[in-house]
Amino acid sequence: MSQKVHILPESLCNQIAAGEVVERPASVVKELVENSLDAGADRIQVEVENGGKRLIRVTDNGSGMSREDAFLCLERHATSKLRMEQDLFRLTTLGFRGEALPSIAAVSRLVLRTRLAEAMEGWEILAEAGMIKHSAAAGGAPGTSIEIRNLFFNTPARRKFLRRDETELGHIGETLTRLALSCPEVCLRFVHNGRVLWDVNRQKTLVERVAELLGREAVRSMIHMDQQTPEGLRLHGLISQPGLNRAGLGGVYTFINGRYIRDRVVQHALGDAYRNLLPRGRHPVVVLFFDIEPSQVDVNVHPTKHEVRFREQSAVHDFIVQALRSRLRGPAPPAAVLPVEGVLSRGSAGQGDEPQPAPVLTGFADASRPPAPVATGRTAGTNRERADLPAQDKPRVQEIPPRYTVAAEQRVSPAKDPPRNAAGLFDGPEGQMRVDGPGSEGFFSSLRILGQYHNSYLVCQTGMDLVLVDQHAAHERIGFEQLKQQYLCGRVERQMLLFPKVLEFDFRLSQAVKEHQDTFARLGFCLDHFGGNAYALKEIPQLLRESDIEQLVRDLAEDLAVMGRSRLVEIEMETVLIRMACHGMVRANQKLAQEEMRALLELLDQTPFNSHCPHGRPTCISWSLSDVERLFKRA
Ligand code: ADP
Ligand code: MG
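Residues in the sequence shown are numbered consecutively from 176, following this note's numbering.
Written out as structure tokens, the structure reads:
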């Protein structure tokens, strides 16, 4: 026979499709719950047995289906959500491919029970490996219930890929968490082997839902955001302050037009927004909804729709970075970690886990407010007290010692035309240093300085709180932001060296210096070729001190040699600036006079992202009076 090509039978097509859509029980749960949401349900119950391997049953109070629809929905490419090609680009439903049910049915024993609200009775269909075995009229409440037994019973090879019950259950829990976060107004009940794992009620606000699913502790360290452009991009939700972070991306929940998505553009933007606010390798906790005109995004690029493609990728990226940066840049009072908890006995430390009434959360409802002084482990009352702290005990500042002044001109003149780059890495005009002069109402300026501890920490008081400021971390942030701004404007202030220093490099580094002359110049260094592999260092950035400058230049040459000349240079430039800031700034172990401490706090208030140093360490920590009393066992 000469003919080799043939069309595959429908049942095999469905099994192949199932391979894409149905990876494990959690994928089934995702598809079924999405269908329930698309059907307008506001009450959904998910019951599973043995991690979903034996049974998955999703019951909803949605629209239900007619008898005809109930039969049809098990066919391939049967959907009620899409009619013509153009619809693909104005999708408002979670599903649209008409693939899920036939795919799931192809690899399981499925029972579908459904009833339209207005119908006298419902209908029940039983299918095995995609073949309808039985159907009959049935009673039951309006809505739909779909039961999947023995997933992959007819594809043993795939069944072998399933993990232990606990693992599969974990995946289902994660899937349900994502879905539940996307629709706070829907009740979701999750039952495993007859035990109710969660039962989340209808919630009015996202904050309440997040508190319920991710924990109240987490929510206390998060701030609300909501930003929109005239072009219809909107980013809203909750984002963590830098003090709350995770080792992996497990705390990152991003939704595009209501659909949970792991998108690279969005994740990259998140990384950029939190750059230099988190320690290396750490990630924020966010529940973020990105809304965009459906025609601007293609969700049909992945069978499980976990990825998308944007039409204007870089515009989307830059908008997200700007929106987050402008929210994160402060004026954020201390990321008050509560080290006290570690010292306390379990009993009292557990306090934070107790369900607390709404007040803790009310601060988030208002997006227009600046980030509330959110402090992990403290009560809302204390926070509010601090936020509204009267400025009366704020000492007047007479004079700012030169060491810490921001040149007046620098403070008030925004960059003429800061170079914008594609990565949206550096903040645009919004990201400039704040222009308020000394004496502006800021958290740090309002602190009463009690003294300096170990020549490294400022001991301060505000209201009833004890506050420690890490002078080195504070300086690093200040120096970094100053340098960054100077760098952006292309005018890092320089100082001439009285005696030029001749630096000898090895061949590789001397090539790097030669190649990156411009970059060195932008950073405020003047390096003239001195013959062979030697360069004469004639000018250095004003912010840096002369000591150790040689080592710094070598390190920078090394950085630049490693980075090469790609876009990376721009991205990694912040690393270089951090290195410079760290080098140039007052270190720990330096005695500061009262006015110097005062000036430092003033400057800190004028500096964006002041709650953390560029390495992600907090600049200050605070304890409430009751924290201190608990330490002394007075509570
Ligand atoms: P899609 O969701 O892509 O349309 P599915 O195979 O998941 O494809 O579902 C096919 C159709 O079955 C849906 O378009 C919908 O009309 C109907 N359907 C599925 N689940 C439900 C449900 N829980 N309630 C009401 N209708 C449903
Ligand atoms: Mg569907």
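Just so you know, even glycine gets a beta-carbon here, dropped at the ideal spot from N, CA and C. Bear in mind the structure is a predicted one, so any value in this text is a computation, not a measurement.
One or two residues paired with residue i in a DSSP bridge
i, result
"GLN636", "ARG623 and LEU641"
"GLN402", "LEU410"
"GLY699", "Beta-bridge pairing links GLY699 to no other residue."
"PRO716", "ARG669"
"TYR449", "The partner list for TYR449 (beta bridge, DSSP) is empty, contrary to what the question assumes."
"ALA709", "GLU679"
"LEU363", "ILE219 and VAL375"
"CYS795", "VAL644"
"PHE464", "HIS411 and PHE430"
"HIS458", "ARG421"
"ARG484", "ASP473"
"HIS787", "PRO793"
"ARG370", "HIS367"
"HIS704", "TYR710"
Continuous beta strand (DSSP E) stretch holding residue i: start and end
i, result
"ILE182", "First-last for ILE182: undefined, no H or E at that position."
"GLN220", "218 to 224"
"ILE300", "297 to 303"
"HIS309", "306 to 313"
"ILE231", "230 to 235"
"LEU247", "Per DSSP, LEU247 belongs to no beta strand (DSSP E); it is in the alpha helix (DSSP H), 242 to 247."
"VAL394", "No beta strand (DSSP E) holds VAL394; the alpha helix (DSSP H) holding it covers 391 to 395."
"ARG333", "Looking at the DSSP string, ARG333 is not in any beta strand (DSSP E); the run it does join, the alpha helix (DSSP H), is 331 to 334."
"SER320", "318 to 324"
"ILE431", "427 to 431"
"LEU287", "284 to 290"
Residue environment, residue i, which counts as buried when at least 16 other CB atoms sit within 10 Å
i, result
"LEU625", "exposed"
"VAL233", "buried"
"GLY791", "buried"
"SER489", "exposed"
"GLY456", "exposed"
"GLN261", "exposed"
"ILE182", "exposed"
"PRO184", "exposed"
"MET400", "buried"
"ASP493", "buried"
"GLU749", "buried"
"GLU777", "buried"
"ILE653", "buried"
"LYS228", "buried"
"GLY706", "exposed"
"ASN210", "buried"
"LEU718", "buried"
"GLY398", "At residue 398 the sequence reads Ile, which differs from the Gly that was named. When all chains shown are included, ILE398 counts as buried."
"CYS795", "buried"
"ARG504", "buried"
"GLY407", "exposed"
"THR404", "exposed"
"PHE430", "buried"
"ASN132", "What the structure shows of the chain is the stretch from 176 to 810, and residue 132 is not part of that stretch, so it cannot be assessed."
"HIS787", "buried"
"VAL677", "exposed"
"THR342", "exposed"
Boundaries of the alpha helix (DSSP H) in which residue i is found, first to last residue
i, result
"PRO818", "There is simply no residue 818 to check, as the chain begins at 176 and stops at 810 in what is shown."
"GLU341", "340 to 357"
"ASP493", "488 to 503"
"GLY654", "646 to 663"
"ARG805", "800 to 806"
"ARG773", "769 to 780"
"SER278", "275 to 281"
Chain D contact for residue i (CB, 7 Å cutoff)
i, result
"LEU731", "The structure shown has no chain D; it contains just one protein chain."
Residue i CB to nearest heavy atom of ligand 3 below 6 Å
i, result
"ARG272", "Ligands displayed in this structure: ligand 1 and ligand 2; ligand 3 is not among them."
Any residue whose CB is nearer than 6 Å to a heavy atom belonging to ligand 2, listed in chain order = GLU206, GLU209, ASN210, GLY270 and ALA275
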